[in-house]
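In our numbering, the protein residues as written are 30 to 280.
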């Protein structure tokens with residue numbers, strides 16, 4: 030069994046929505062886009078897991094409530110304490126199931142069979158040892174509970190040695206832990222998370238077809254990812270997603 034989990038990331042409007050106990054205007058559009066996209070691809074509403082600290086529903090997808098859990102110095106890392114809370118609360122029905130977490134700006138392009146992830150897997154940005162944590166797969170085992178607990182501790186430690194590290198601390202913490210051999214990460218191909226940043230480079234190395242595209246729908250990224258203004262001279266997303274983006278006011 031596979032489940033899809035959506036989370037918020039990347040912008041002050043979206044990340045501050047949990048502080049206000051509501052979605053901002055942009056987040057409302059993006060959430061509806063994600064749910065419409067997932068249902069269009071064949072996901073059942075019960076298998077789309079949305080966790081918020083306020084009530085929300087759309088097309089049969091009902092938010093499951095969680096406490097106010099924040100990474101105060103870096104809202105983009107809020108997903109880690111929330112997932113740790115869910116693992117510690119035994120919120121997931123079976124350790125044999127695979128869960129796909131992704132940020133609201135990661136859009137599935139095609140239906141696909143789950144990757145062969147044993148515990149935790151994600152793709153890299155495309156350079157050095159940096160893991161891209163906007164999309165990852167995991168199984169809710171006891172090992173994962175300890176994994177996320179250690180990850181969450183490292184996030185709190187990162188800002189103590191760098192002012193720069195107060196953004197994307199989840200990725201910096203995971204990089205540090207993986208390089209030191211403390212947490213194992215199963216590397217996935219870029220097809221599972223084709224990121225706007227370094228999109229040309231990672232496209233060349235991705236197994237085709239691309240399965241998930243990662244970009245915030247703003248002018249520069251829409252030009253590169255949707256309209257084909259890139260080195261390859263063609264769109265990186267399919268017509269179906271391009272149509273949905275337009276339907277939700279992203280052009």
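Backbone N, C-alpha and C define an ideal beta-carbon position, used for all residues, glycine too.
In this text, all values refer to a predicted model and were calculated from it rather than measured experimentally.
Requested in this report: Would you list the one or two residues that DSSP bridges to residue 150?
Outcome: Paired residue(s): 166 and 215.
Query - Assigned secondary structure, residue 114 (DSSP; H/G/I helix, E/B strand, else coil) - result: Helix.
Query raised in the report: By how many angstroms is the C-alpha of residue 73 removed from the C-alpha of residue 229?
Result: In a straight line, the C-alpha of residue 229 is about 33 Å away from that of residue 73.
Query - CA nearest to the CA of residue 166, picked from 126, 182 and 200 - result: Out of 126, 182 and 200, 126 has the C-alpha closest to the C-alpha of residue 166.
Query raised in the report: What residue does the alpha helix (DSSP H) around residue 123 start on, and which one ends it?
Result: For residue 123, there is no enclosing alpha helix (DSSP H), as DSSP gives it neither H nor E.
Report task. Grab the span of the beta strand (DSSP E) containing residue 101 for me, first residue to last. Result -> Counting along the chain, no beta strand (DSSP E) covers residue 101, and no H or E run does either.
Requested in this report: Please name the residue, chosen from 272, 96 and 56, that lies closest to residue 81 on a Cα-to-Cα basis.
Outcome: For the residues 272, 96 and 56, the minimum Cα distance to residue 81 belongs to 96.
Requested in this report: With a threshold of 16 other CB atoms inside 10 Å of the CB of residue 219, please say whether the residue is buried or exposed.
Outcome: When all chains shown are included, residue 219 counts as buried.
Query raised in the report: So who's on the other strand from residue 205, going by DSSP bridges?
Result: Residue 205 is not bridged to any residue.
Query raised in the report: Whose C-beta lies closer than 8 Å to the C-beta of residue 206 among residues of the same chain, with five residues either side of it excluded?
Result: Excluding sequence positions up to five before and after residue 206, its CB lies within less than 8 Å of the CB of 179, 180, 183 and 212, all in the same chain and listed in chain order.
Query raised in the report: Whole-angstrom Cβ separation of residue 223 and residue 241, contact assumed at under 8 Å?
Result: Their Cβ separation, rounded to whole angstroms, is 7 Å, which keeps residue 223 and residue 241 in contact under 8 Å.
Query raised in the report: Using the rule of at least 16 other Cβ atoms within 10 Å of the residue's Cβ for burial, across every protein chain shown, is residue 124 buried or exposed?
Result: Under this definition residue 124 is an exposed residue.
Report task. Can you give me the start and stop residues for the beta strand (DSSP E) that residue 135 sits inside? Result -> Counted as a single uninterrupted DSSP element, the beta strand (DSSP E) harbouring residue 135 occupies residues 135 to 137.
Query raised in the report: Within this structure, are the beta carbons of residue 52 and residue 112 separated by less than 8 Å?
Result: No; because the gap between Cβ atoms is not below 8 Å, this pair is not in contact.
Query raised in the report: Quick one: Cα of residue 129 to Cα of residue 164, how far?
Result: Approximately 7 Å between the Cα atoms of the pair.
Requested in this report: State whether the segment 59 to 67 contacts the segment 261 to 280, with contact taken as three or more CB pairs (one from each stretch) at a distance under 8 Å.
Outcome: Segments in contact, yes.
Query raised in the report: Ordered along the chain, which non-local residues of its own chain (more than five positions away) have a Cβ less than 7 Å from that of residue 250?
Result: Closer than 7 Å at the Cβ level, and outside the excluded window around residue 250, lie 225 and 244.
**Report entry** Contacts around residue 154, its chain only, beta-carbon distance under 7 Å, and the 5 residues preceding and following it disregarded
**Finding:** Answer for residue 154: 161, 224, 226 and 227, listed in chain order.
Query raised in the report: Hey, would you say residue 198 sits closer than 8 Å to residue 100, going by beta carbons?
Result: Yes, Cβ-Cβ distance for residue 198 and residue 100 is below 8 Å.
Report task. Go ahead and pull the three-state DSSP assignment for residue 62. Result -> In this structure, DSSP gives residue 62 a helical state, which the three-state scheme calls helix.
Requested in this report: Determine the DSSP secondary structure at residue 77, reduced to helix, strand or coil.
Outcome: DSSP, reduced to helix, strand and coil, places residue 77 within a strand of the structure shown.
Query raised in the report: Start and end of the beta strand (DSSP E) containing residue 241?
Result: Segment 241 to 243, the beta strand (DSSP E) holding residue 241.
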